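Colleague:
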Amino acid sequence: MRPSAVRWLLGALAAVALAANIVLALQSWRGNQAHRAAAFATLNDLAGVALDRYTTAAEGWFRQLGNPLLFPVERPAGAPGSRLAELRDVIAITGERERDPCNCLPVAWGDPFFALEGGDGRQDIAVDRAGKRIAFPASLSTALELILGARDSTARLLLVPLEPAARRIIIATIAPARAGRPQVAYGVRLRDEVLASQVLAPAFGSVRMVPRLLSSDVTNAEYLSIVVKAPSGRVLYRSPIAHLSPYGDTLRLPARRGGLSYEAVLNPRYANQLVAGGIPKPPVGPIALTLAVTLIALFAVGWTAWWSLELARLRTDFTSSVSHELRTPLTQIRLSAETLLLGRVRSEGERQAALEGVVAEAARMQELVENVLHFARAERHLVRVRPVRIELKPVVEAAALDFAPIARQQGATVLCTVPRALTALADPIGLRQVLHNLLDNAVRYGPAGGTITIDASLEGTEVRVGVADDGRGIPHHERERVWRPFERLATVAETNTSGTGLGLAVVGELVRAMGGRCRIADRETGCRVDIFLPTGG
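Mapping of the sequence shown onto my numbering: position 158 corresponds to residue 240, and the numbering continues sequentially without gaps.
#1: My parser needs the alpha helix (DSSP H) runs of 4 or more residues fully inside the region 248-288; what are they?
#2: Less than 9 Å separating the beta-carbons of Ala312 and Gly330?
#3: Based on the DSSP secondary-structure assignment, which residues constitute the bridge partners of Val545?
#4: Give me the Cα-Cα distance between Ala212 and Arg145, rounded to the nearest whole angstrom.
#5: Mapping the DSSP letters down to three states, classify Pro188 as helix, strand or coil.
#6: Could you give the C-beta distance for Val357 and Leu133, rounded to a whole number, given that I count them as a contact under 8 Å?
#7: If contacts are defined as beta-carbon pairs under 8 Å, then Val547 and Leu615 qualify, I think. What distance do you get, rounded to the angstrom?
#8: Taking just the CA atoms, how far does Leu497 sit from Gly585?
#9: Straight-line CA distance for Ala99 to Pro557?
#10: Answer with buried or exposed for Arg215, where buried requires no fewer than 16 other C-beta atoms within 10 angstroms of its C-beta.
#11: Take Gly493 and list the residues in its own chain whose beta-carbon comes closer than 7 Å to its own, dropping the five residues that flank it on each side.
#12: Cβ atoms of Thr137 and Leu333: under 9 Å apart, would you say?
#13: Tell me whether Glu559 is buried or exposed, calling it buried when 16 or more other Cβ atoms sit within 10 Å of its Cβ.
#14: Given this structure, state the Cα-to-Cα distance separating Thr543 from Arg594, to the nearest angstrom.
#15: Going straight from the alpha carbon of Gly287 to that of Pro322, what length do you get?
#16: Grab the span of the alpha helix (DSSP H) containing Tyr352 for me, first residue to last.
#17: Please state if the CB of Leu240 and the CB of Arg339 are separated by a distance shorter than 9 Å.
#18: Which runs of the alpha helix (DSSP H), 4 residues or longer, sit entirely within the region 285-355?
#19: Can you tell me whether Leu91 sits near the ligand FAD, meaning its C-beta is under 8 Å from at least one heavy atom of the ligand?
#20: Measure the C-alpha to C-alpha separation of His325 and Arg271 and round it to an integer number of angstroms.
#21: Secondary structure at Pro243, three-state DSSP: helix, strand or coil?
#22: For Val276, count neighbouring C-beta atoms within 10 Å of its own C-beta (all shown protein chains included) and say buried if the count is 16 or more, exposed if not.
#23: With respect to the alpha helix (DSSP H) encompassing Asp522, which residues constitute its N-terminal and C-terminal limits?
#24: Ordered along the chain, which non-local residues of its own chain (more than five positions away) have a Cβ less than 6 Å from that of Phe218?
#25: Cβ atoms of Arg490 and Gly555: under 9 Å apart, would you say?
#26: Using CA atoms only, rank isn't needed, just tell me which of Leu371, Arg601 and Val289 is closest to Glu141.
#27: What do you get for Asp274, buried or exposed, if any count of 16 or more other CB atoms within 10 angstroms of its CB means buried?
#28: Just tell me which of Tyr527, Ala587, Asn523 and Ala503 has its CA closest to the CA of Thr651.
#29: Could you compute how far the alpha carbon of Cys600 sits from the alpha carbon of Leu91?
#30: Which of the three DSSP states is assigned to Ile361 in this structure?
#31: Should Pro411 be labelled buried (16 or more other beta-carbon atoms within 10 Å of its own) or exposed?
#32: Among Ile369, Ser297, Asn302 and Pro501, which has the Cα closest to the Cα of Pro284?
This is the structure:
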């Protein structure tokens, strides 16, 4: 399969894998959200059940509070008595409740008490707590239409909130028109606090709203909070403990109960105990981790595939370069050998030049083979060096002498300036191969007729050995890349200069194996490669 096809196939597989993981993550998220929605609905329903129990209890306490107002309504139709007398009877009943020895009835009443007649000849009567008739309060006029408009065949209690600034409410009951008597409404004006203390607060503690799923030790106040508001929004009652959570329910009463709104909020502390299996948490962490691992795995696979394809390309280029590198010296060796064999030399100098050419090209081939073998051993971690203390000058001069035929072919001059008695810890054979590679690079990429300098010096606990040429040099941004196998500079590739890209890679590998390091030094012209070896002292 062609490399481009492999790239497309790997890309398609990676895209499919990523899409599959995204789909699975979305399905997991949707399933979790559906589970959470069901849990929220369950908790909201529980809040609604508790609210129903509370409003039922509040209704009982409200009827108990307004019960005295039913007295004139429940009187027989022919019973004598004026509206004023009826109101005074209501006051008397409330007085008896205030003297209740068991203290079990609501006793806090307000004023005024009033009676409203329906029809064209309507008479409005108001009395204070002492039963004395007083002027009908103008503030009650806003409630007249609602109270008298509640026509019903049966007597019942009504709750009418007044304007917010008044902080008052009206409790009233209606006696329907009958046997010559007009429709009559009896009522009393109370403060908000009376409704809260005599109805709403007792109702909260009189019925258990906690479900059986929870311990009997959990109180209503710990389980939920309830807020009762008037239609205007003012708060009439708030339970002892306020809870903040998304689990709750609301209920709005009809107009005959003042249009009050009830809000119940569950304590989030008990949410997991009320739902089977608890409320599932959003799987953000697991989904993010899954996607992250998937992306990392896809990146690793993609990078591995890219590197494999790149390595295959580099090996192909390397094979082509090695073939070219071997063909060139072999061609030169064959030409020189045929010249000598056929006796085409005209002088001893030409004969000597032909022989030197054979030796130089053979040395170049040997150097190439050594580099290839070393790289193969390095890939299998089979490189073995035996560093010993050696004197550098003989080793450097021997390497320069080995390379002399190749240098002469290019017209290059090799100069050695290595002090005597300078020693380092190195493998002699490995160091000679390092120097051969550096000299080969200097000749290959340097100008024809240039000068190559080998120098050495002691720098602290290291010995520096440098090889400098007069070539183009290596740009700063490419100095790290040239130490990698098969890497060649773009400027070198443009000049069609032959090479395998193994020279500096082998140098770096051998120097590191000997415990040293390499550096490409700054130079005004050309390039200088320094190797640093331990002194071993």
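Even for Gly, the Cβ is constructed at its ideal location relative to N, Cα and C. Keep in mind it's a predicted model, so treat the numbers as computed, not measured.
Modeller: Looking at the coordinates:
#1: 274-277 and 283-288
#2: no
#3: The partner list for Val545 (beta bridge, DSSP) reads Leu540 and Leu615.
#4: 24 Å
#5: With a pLDDT of only 45 at Pro188, under 50, the local geometry of the prediction cannot be trusted, and the value read off the model is given with reservation. For Pro188, the three-state secondary structure derived from DSSP is coil.
#6: No, Val357 and Leu133 are not in contact; Cβ-Cβ is about 19 Å, not under 8 Å.
#7: 7 Å
#8: 21 Å
#9: If you take the alpha carbons of Ala99 and Pro557, they lie about 42 Å apart.
#10: Counting of Cβ neighbours within 10 angstroms places Arg215 among the exposed residues, the total staying below 16.
#11: In its chain, beyond the 5 residues on either side, Ala530 and Gly531 have a beta carbon closer than 7 Å to the beta carbon of Gly493.
#12: yes
#13: One point to set straight first is that residue 559 is His, not Glu, in the sequence displayed. Sixteen is the threshold: since fewer than 16 other Cβ atoms of the shown chains lie within 10 Å of the Cβ of His559, the residue is exposed.
#14: Cα-Cα distance, rounded: 16 Å.
#15: 11 Å
#16: Per DSSP, Tyr352 belongs to no alpha helix (DSSP H) and is neither H nor E.
#17: yes
#18: 302-305
#19: With respect to the ligand FAD, the structure shown offers nothing to examine, as it has no ligands at all.
#20: Taking the straight line from one Cα to the other gives about 33 Å.
#21: strand
#22: buried
#23: Pro510 to Tyr527
#24: Asp206 and Ala208
#25: It is not a contact, given that the beta carbons lie outside the stated cut-off.
#26: Val289
#27: buried
#28: Because the chain in this structure spans residues 83 to 619, residue 651 falls outside the shown range and cannot be described.
#29: 41 Å
#30: Here Ile361 carries a coil assignment [DSSP, helix/strand/coil].
#31: Using a 10 angstroms sphere on the CB of Pro411, the tally of other CB atoms reaches 16 or more, which defines it as buried.
#32: Asn302
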